[in-house]
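The opening residue of the sequence shown carries number 1 in UniProt numbering; numbering runs sequentially from there.
Using N, Cα and C, we set each Cβ at its ideal position, and we do this for glycine too.
Before any comments, here is the structure.
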Amino acid sequence: MPTRDAITEALRSVALPDGGNLVSRDVLRALTVEGDAVRFVLEAPDPEMARRMEPVREAAEAVVRALPGVGSVSVVLTAHGPAPKPPSLKIGQHPQSQAGPQKIAGVDRILAVGSGKGGVGKSTISSNLAVALARAGRRVGLLDADIYGPSQPRMMGVAKRPASPDGKTIIPLEAHGVTFMSIGLMLKEGEAVVWRGPMLMGALQQMLGQVAWGELDVLIVDLPPGTGDVQLTLCQKSHVTGALIVSTPQDVALLDARRAIDMFGKLKTPILGLIENMSTYVCPNCGHEAHIFGHGGVSAEAARLNVPFLGEIPLSLDVRLAGDTGTPVAAGDGLVAEAYRRLAERLIGGGMA
Ligand SMILES: Nc1ncnc2c1ncn2[C@@H]1O[C@H](COP(=O)(O)OP(=O)(O)OP(=O)(O)O)[C@@H](O)[C@H]1O
Numbered sequence: 001m002p003t004r005d006a007i008t009e010a011l012r013s014v015a016l017p018d019g020g021n022l023v024s025r026d027v028l029r030a031l032t033v034e035g036d037a038v039r040f041v042l043e044a045p046d047p048e049m050a051r052r053m054e055p056v057r058e059a060a061e062a063v064v065r066a067l068p069g070v071g072s073v074s075v076v077l078t079a080h081g082p083a084p085k086p087p088s089l090k091i092g093q094h095p096q097s098q099a100g101p102q103k104i105a106g107v108d109r110i111l112a113v114g115s116g117k118g119g120v121g122k123s124t125i126s127s128n129l130a131v132a133l134a135r136a137g138r139r140v141g142l143l144d145a146d147i148y149g150p151s152q153p154r155m156m157g158v159a160k161r162p163a164s165p166d167g168k169t170i171i172p173l174e175a176h177g178v179t180f181m182s183i184g185l186m187l188k189e190g191e192a193v194v195w196r197g198p199m200l201m202g203a204l205q206q207m208l209g210q211v212a213w214g215e216l217d218v219l220i221v222d223l224p225p226g227t228g229d230v231q232l233t234l235c236q237k238s239h240v241t242g243a244l245i246v247s248t249p250q251d252v253a254l255l256d257a258r259r260a261i262d263m264f265g266k267l268k269t270p271i272l273g274l275i276e277n278m279s280t281y282v283c284p285n286c287g288h289e290a291h292i293f294g295h296g297g298v299s300a301e302a303a304r305l306n307v308p309f310l311g312e313i314p315l316s317l318d319v320r321l322a323g324d325t326g327t328p329v330a331a332g333d334g335l336v337a338e339a340y341r342r343l344a345e346r347l348i349g350g351g352m353a
């Protein structure tokens with residue numbers, strides 16, 4: 001009967017195409033000797049190398065067969081597959097079918113922050129309100145669903161891509177006491193989103209269903225401006241507690257706000273109230289108060305539409321500067337932070353947050 005040592009020694013004489021021999025390169029595996037039958041495996045480092053090693057396999061078989069006492073020889077060539085890829089998360093997919101609106105496990109309330117037109121401060125209000133609610137002791141989540149112009153990563157000061165260890169669950173980020181997620185963080189910076197409606201809806205569904213939000217008293221959703229697919233999906237696919245509409249006192253902004261209110265009405269989402277942004281301007285030097293976009297327009301509109309008026313946020317340079325540096329003004333002190341504190345108190349008092 002051939003010995004293992006004799007077989008191994010014989011295999012030293014078989015060279016590999018890229019240098020060394022079968023033993024020195026450590027490709028010999030599972031050598032078994034049963035009677036006069038010898039079996040072993042040659043393991044190539046990769047499939048490409050395995051293809052080039054067929055002559056080597058034949059040579060190995062031949063040298064072993066030539067040994068005294070060897071009857072049959074069986075040599076199998078295998079290769080390490082490429083390393084398994086870590087699961088990768090794909091954002092933006094066709095929406096999955098879903099029966100009716102769903103609750104998000106662990107999330108008590110969903111507040112949608114909407115506006116009729118862009119630039120009225122909807123994202124600013126969303127992030128500051130989230131921070132103010134967190135400061136008041138609520139467990140708050142913030143979802144930036146403004147897929148076309150996500151601005152929350154900048155405003156909240158976090159811009160790293162959230163982890164997804166299993167390629168399914170997305171681990172949200174944390175900033176200023178708020179659990180936070182933005183679709184912008186799943187896209188490369190500057191990457192224009194050219195998704196059509198169904199892809200948008202799928203992406204939003206993923207944000208709602210796959211993010212590990214944990215236990216939240218309230219999830220604030222910063223919607224894109226206007227009345228489109230994202231609004232529709234949010235209200236149809238999840239139990240939205242209600243909508244907060246942001247407007248400036250300008251007539252045009254108010255007209256658009258009315259459209260947003262109409263849309264939420266059609267979707268049977270309750271309007272929890274109107275918020276006036278950029279209401280008064282208090283000069284930081286002399287304390288003079290100016291009403292740049294008019295004043296009281298939003299409150300009057302709320303009365304006309306019979307929806308609550310929730311409060312006003314002054315126009316202040318600090319708001320924009322804070323938004324640009326990633327620490328919302330509501331995280332600090334001062335006139336504007338105080339306005340947000342009152343707004344948060346109002347929502348908590350009314351059971352809305
Ligand atoms: N009260 C305020 N005082 C001063 N600047 C403000 C105030 N509110 C918002 N801004 C500034 O106005 C700009 C627009 O605000 P924001 O991005 O929040 O608007 P938006 O309604 O979310 O717009 P879009 O939906 O188009 O992104 C930002 O530069 C922001 O810093």
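Would DSSP call G209 helix, strand or coil? Locating residue 209 in the sequence shown gives position 209, where the first residue counts as 1. Note: G209 maps to helix in three-state DSSP.
Given the structure, does S182 come close to ligand 1, in the sense that its CB is under 7 Å from one of the ligand's heavy atoms? Locating residue 182 in the sequence shown gives position 182, counting from the first residue. No, the beta carbon of S182 sits no closer than 7 Å to any heavy atom of ligand 1.
Check this for me: beta carbons of G242 and P270, under 8 Å apart or not? Here residue 242 refers to the residue found at position 242 when the sequence shown is read from its first residue. Here residue 270 refers to the residue found at position 270 when the sequence shown is read from its first residue. Yes, the pair counts as a contact, with Cβ atoms nearer than the cut-off.
Check R161 in the structure and name its three-state DSSP category. Along the sequence shown, read from residue 1 onward, the residue named residue 161 stands at position 161. Here R161 sits in coil by DSSP.
For G214, which residues of its own chain have a beta-carbon under 7 Å away from its beta-carbon, when the five flanking residues on both sides are left out? As a first step, residue 214 is located in the sequence shown; it is residue number 214 there, counting from the start. Here the set comprises G106, T179.
Considering only heavy atoms of ligand 1, does any lie closer than 7 Å to the CB of P225? Taking the first residue of the sequence shown as position 1, residue 225 is located at position 225. It does: the Cβ of P225 is within 7 Å (strictly closer) of some heavy atom of ligand 1.
Bridge-paired residues (DSSP) for Y281: Residue 281 sits at position 281 when you count from the first residue of the sequence shown. Y281 is bridged to A290, L315.
Give me the Cα-Cα distance between G100 and L216, rounded to the nearest whole angstrom. As a working note, residue 100 is residue 100 in the sequence shown. As a working note, residue 216 is residue 216 in the sequence shown. Cα to Cα, the separation comes out at about 22 Å.
Pair every Cβ in the stretch 302-319 with every Cβ in the stretch 277-284, then say whether three or more of these pairs are closer than 8 Å. yes
CA-CA distance, A330 and D262? Along the sequence shown, read from residue 1 onward, the residue named residue 330 stands at position 330. Along the sequence shown, read from residue 1 onward, the residue named residue 262 stands at position 262. One C-alpha to the other measures close to 30 Å.
Beta-carbon proximity check, A339 vs G311, cutoff 8 Å: To locate residue 339, count along the sequence shown from 1; it is residue 339. To locate residue 311, count along the sequence shown from 1; it is residue 311. Contact: yes.
Beta carbon of I125, beta carbon of V113: below 8 Å? Translated into positions along the sequence shown, residue 125 becomes position 125. Translated into positions along the sequence shown, residue 113 becomes position 113. Cβ distance < 8 Å, so I125 and V113 count as in contact.
Throw me the rounded Cβ distance for the L133 and A337 pair, which I believe falls under 8 Å. In the sequence shown, residue 133 corresponds to position 133, counting from 1. In the sequence shown, residue 337 corresponds to position 337, counting from 1. Not really, about 13 Å apart at Cβ, beyond 8 Å.
Can you tell me whether I292 is buried or exposed, with buried defined as 16 or more other CB within 10 angstroms of its CB? Reading the sequence shown from its first residue, position 292 is the one you call residue 292. When all chains shown are included, I292 counts as exposed.
Within the same chain, show all residues whose beta-carbon is closer than 7 Å to that of P95, passing over the 5 residues directly before and after it, in chain order. If you number the sequence shown from 1, residue 95 lands on position 95. Correct list, in chain order: P198, M201, G202, Q205.
Within 10 Å of its beta-carbon, does G157 have 16 or more other beta-carbons around it, so buried, or fewer, so exposed? Residue mapping note: residue 157 aligns to position 157 of the sequence shown, counting from 1. By the neighbour-count rule (16 or more Cβ atoms within 10 Å), G157 is buried.
From P68 to P2, what distance separates their C-alpha atoms? Locating residue 68 in the sequence shown gives position 68, counting from the first residue. Locating residue 2 in the sequence shown gives position 2, counting from the first residue. Near 7 Å, if we compare the C-alpha coordinates of P2 and P68.
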